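In our numbering, the protein residues as written are 1 to 419. Using N, Cα and C, we set each Cβ at its ideal position, and we do this for glycine too. Computed from a predicted model, the values in this text were never measured in an experiment.
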Amino acid sequence: MSKNSFGFKIEKRIPGTLGRAGVIKTPHGEIKTPAFMVVGTTGAVRYLTPGDLREIGAQAMLSNGYHLRNKSKSIAKDGGLAKWSGWDGPTLTDSGGFQVMSLGSGLGKVVSMEREKGVTNTPHKERLARVTELGVIFKDPFGGEDIIKSGTSHLPVAENQKVKKIDFIGPEQSMRIQCRIGADIHMAFDELTSLADSYEYNKKSLRRTERWAKRSLKEHLKHRDDLGYRQSLYGVLQGGRWEDLRRKTAKKLGAMDFDGYGLGGAFLKEDLGDILRWCNEELPENKPRHLLGLSRPDDILIGAEMGADTFDCVAPTREARHGKLYTRDGDINLRKFADSEELIDKHCDCPTCKQKITCGRLRELWKSTSLEDKELYYNLASLHNVRFIIRLTEEIREAILNGKFEEYKNEFLKRYYHK
RNA sequence: GCUGGAAUCGUCUAGCGGCAAUGACAAGAGACUGUAAAUCUCUCGCCUUCGGGCUUCGUAGGUUCGAGUCCUACUUCCAGCA
Numbered sequence: 001m002s003k004n005s006f007g008f009k010i011e012k013r014i015p016g017t018l019g020r021a022g023v024i025k026t027p028h029g030e031i032k033t034p035a036f037m038v039v040g041t042t043g044a045v046r047y048l049t050p051g052d053l054r055e056i057g058a059q060a061m062l063s064n065g066y067h068l069r070n071k072s073k074s075i076a077k078d079g080g081l082a083k084w085s086g087w088d089g090p091t092l093t094d095s096g097g098f099q100v101m102s103l104g105s106g107l108g109k110v111v112s113m114e115r116e117k118g119v120t121n122t123p124h125k126e127r128l129a130r131v132t133e134l135g136v137i138f139k140d141p142f143g144g145e146d147i148i149k150s151g152t153s154h155l156p157v158a159e160n161q162k163v164k165k166i167d168f169i170g171p172e173q174s175m176r177i178q179c180r181i182g183a184d185i186h187m188a189f190d191e192l193t194s195l196a197d198s199y200e201y202n203k204k205s206l207r208r209t210e211r212w213a214k215r216s217l218k219e220h221l222k223h224r225d226d227l228g229y230r231q232s233l234y235g236v237l238q239g240g241r242w243e244d245l246r247r248k249t250a251k252k253l254g255a256m257d258f259d260g261y262g263l264g265g266a267f268l269k270e271d272l273g274d275i276l277r278w279c280n281e282e283l284p285e286n287k288p289r290h291l292l293g294l295s296r297p298d299d300i301l302i303g304a305e306m307g308a309d310t311f312d313c314v315a316p317t318r319e320a321r322h323g324k325l326y327t328r329d330g331d332i333n334l335r336k337f338a339d340s341e342e343l344i345d346k347h348c349d350c351p352t353c354k355q356k357i358t359c360g361r362l363r364e365l366w367k368s369t370s371l372e373d374k375e376l377y378y379n380l381a382s383l384h385n386v387r388f389i390i391r392l393t394e395e396i397r398e399a400i401l402n403g404k405f406e407e408y409k410n411e412f413l414k415r416y417y418h419k
């Protein structure tokens, strides 16, 4: 295979659905799909080494252009993300589109998929991101020194507020940053809307995201070979929970020359399947699709069934750090396992379970006042949870290839969610 | 033995006349989905029809409308001197 090629091949479909198993080819290796990409926002997965990632069967890592924006030049100098990070397999970078929401309308809030949680948007004056047609103005709240003088009312800061820096990121900036970082796959710059945004706002935002997609594509073409290997670009589909918006944007971006597609949005759990179906019925079948930011087993199963090929999510590592560990019979809360001699899951093939480290011991490390103990816990717990999700995608792939997806899905869901 | 000082919710701690009583830790429950997350929320004397009721700050008295807070005695602990 040529070093410069990107490709996707479908190996087998799930009969009667949009789902498939396949292989994505990138300059840094293949990704057998469905696959879970580990999240290493700043170039490393928290508390996991590249060696750990290999050991638990990770195939690809997702990093973030926004978080690496100030390091992109030195990453380019080192030959790109793979060389710089020590993870030499396939990589993907997000554009910063998630931060438009997480630092803007969703600042200080959790991203929930439950209707009951009653999502509201953060007031404009408190936001650290402001959206304009040209791009997004980000305010960096850390290490504030520079005082923003008056006469900057177009910026999302109060007068005389101390902030370190104002960053402007639009499609062109995001593409340049991502092309310097040099992941195998990039995301077009998009705006992720929140569950609280109206149809009208979503429509307006979606049109802008589509214009940004076009601009992303144009800028990306200029720089995609700068590091000596071909970097690919996915267009990102937004449109909230509305079928007309979703189908229209999928058709529109689907006709553009992207290498694949990101399926984005803040979803209610009950809507996920429909939204993915609307998008994937319209998108070209022969291009890979990445479902952005989801990893609960039911979400991955629906995603795979509805034609998503790759996934990423911070939940496995974050929840590991917070004491929630995954098992086939549902999640456990480590708090309840003081002095327990049990293993998390005696059939698990992760390094932590293979070493026979008990829940009691894990809890002790987690609750320890020693940072060293805690960090050991974060490593052991992250290894377990990430391996659990990777194994889930491996088993889904296996089931698709064997024509047993439906059977596998039902059995898994029954055991995991006790229904 | 004498002289000081101290005793508060599992632990440490605030409290100098209006207090069911501060904060931290521990404990318990929940959350977390393209990482502002080694984070966040809630509970943490007993009962409650959620209005409130009851019992609490070493023990026993006292002063006061009112005491964890002031006074007396006792108990225990700490420090200094013998």
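Here residue 409 is buried, its C-beta having at least 16 other C-beta atoms within 10 Å. Closest in alpha carbon position to residue 42, among 357, 35 and 87, is 87. In this structure, the beta-carbon distance from residue 39 to residue 314 falls below 9 Å. Considering only 204, 18, 414 and 130, the residue with the shortest C-alpha distance to residue 327 is 414.
Residue pairing of residue 222 in beta bridges, as defined by DSSP: absent, with no partner found. If you check the CB distance, residue 169 and residue 119 do not come in under 9 Å.
When only Cα atoms are considered, residue 65 and residue 295 end up about 21 Å apart. Under DSSP, residue 32 takes part in a beta bridge, and its partners are 23.
Considering only 251, 373, 184 and 139, the residue with the shortest C-alpha distance to residue 30 is 184.
Across the structure, residue 83 and residue 123 are spaced so that their CA atoms are roughly 41 Å apart. Residue environment: residue 240 is assigned as buried (16 or more neighbouring CB atoms within 10 Å of its CB, all protein chains considered). Counting along the chain, residue 64 sits inside the beta strand (DSSP E) bounded by residues 61-64.
Taking the CA atoms as reference points, residue 233 sits about 6 Å from residue 259. The beta carbons of residue 111 and residue 320 sit about 18 Å from each other, so the pair does not count as a contact at 8 Å. Of the candidates 16, 254, 15 and 7, the residue whose Cα lies closest to the Cα of residue 22 is 7.
When rounded, the separation of the alpha-carbon atoms in residue 339 and residue 401 is 42 Å.
Residue 235 is positioned such that its CB atom lies closer than 9 Å to that of residue 216. When the alpha-carbon of residue 364 is set against those of 356, 374 and 355, the nearest one is in 374. Note that the region 12-19 touches the region 288-307; at least 3 beta-carbon pairs, one per stretch, sit closer than 8 Å. The beta carbon of residue 47 sits closer than 8 Å to those of 317, 321, 375, 378, 379 and 382, all from its chain and outside the five residues before and after it, given in chain order. DSSP places residue 342 in the coil class of the three-state scheme, outside both helix and strand. Sorting 53, 85, 5 and 36 by C-alpha distance to the C-alpha of residue 350 places 53 at the top. Going by DSSP, residue 416 is part of the alpha helix (DSSP H) stretching over 405-417. Listed as beta-bridge partners of residue 232 by DSSP are 185. Residue 237 has 263 as its beta-bridge partners, per DSSP. Cβ neighbours of residue 78 within its own chain (closer than 7 Å, five residues either side excluded): 84.
Here residue 57 has 390 as same chain residues with Cβ atoms under 6 Å from its own Cβ, once five neighbours each way along the sequence are excluded. In the same chain as residue 195, and ignoring 5 residues on each side of it, the C-beta atoms closer than 6 Å to its own belong to 119 and 266, in chain order. Counted as a single uninterrupted DSSP element, the alpha helix (DSSP H) harbouring residue 277 occupies residues 272-282.
In this structure residue 372 is not in contact with residue 358, their Cβ atoms being roughly 19 Å apart against a cut-off of 8 Å.
Counting along the chain, residue 98 sits inside the alpha helix (DSSP H) bounded by residues 97-100. In this structure, residue 330 keeps its C-beta atom at 9 Å or more from the C-beta atom of residue 312. In this structure, the straight-line span from the alpha carbon of residue 394 to that of residue 80 is close to 28 Å.
When the beta-carbon positions are compared, residue 167 and residue 139 come within less than 9 Å of each other.
The Cβ atoms of residue 237 and residue 250 sit closer than 9 Å to each other. With respect to residue 63, residue 92 sits close: the two C-beta atoms are nearer than 9 Å.
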